[in-house]
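**Student:** Take the sequence shown: its letters are residues 1 to 115, numbered as in our numbering.
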Amino acid sequence: QVQLVESGGGLVQPGGSLRLSCAASASIFSIDSMGWFRQFPGEQRELVAGITSGGTAAYADSVKGRFTISRDNAKNTVYLQMSSLKPEDRAVYYCYADRLGRRSWGQGTQVTVSS
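1) Buried or exposed: where does Gly101 fall if 16 or more other Cβ atoms within 10 Å of its Cβ makes it buried?
2) Give a yes or no on whether the C-beta atoms belonging to Ser21 and Tyr96 are separated by under 9 Å.
3) Exposed or buried, Thr109, counting other C-beta atoms within 10 Å across all chains shown (16 or more means buried)?
4) Taking the CB atoms as reference points, tell me whether Ala26 and Arg99 lie closer together than 9 Å.
5) Please state whether the Cβ-Cβ distance between Leu85 and Ser17 is less than 9 Å.
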């Protein structure tokens with residue numbers, strides 16, 4: 001099991017930006033992929049963005065062009081830079097890590113987009 005610690009959520013106005021961070025307890029090179037899901041009230045989690053150990057990134061259509069996922073190998077950390085935020089981006093964002101066929105989750109961080 002990989003321990004994941006998230007940070008960076010909060011309240012932002014529409015059109016604003018936030019950066020989420022997810023620090024892993026294991027070497028990022030031992031993790032097959034990492035990324036972010038989000039969950040709206042009463043709904044299942046949906047994939048937002050993921051990045052493989054080789055650096056290949058993928059995004060949900062709803063965030064393409066607005067969100068960017070990146071990784072800092074030295075810090076075992078993955079980031080989600082969110083720009084041009086919309087009220088409909090309001091959700092709890094969960095970091096995940098896949099290693100050896102097992103998925104670990106972070107505790108979740110709330111992102112609220114409101115004026």
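Note that CB positions come from ideal geometry on N, CA and C, so glycine has one too.
In this text, all values refer to a predicted model and were calculated from it rather than measured experimentally.
**Tutor:** A quick look at the data gives this:
1) exposed
2) Contact annotation: Ser21 and Tyr96 have beta-carbon atoms that are not nearer than 9 Å.
3) So Thr109 ends up on the buried side.
4) Contact flag set, yes.
5) yes
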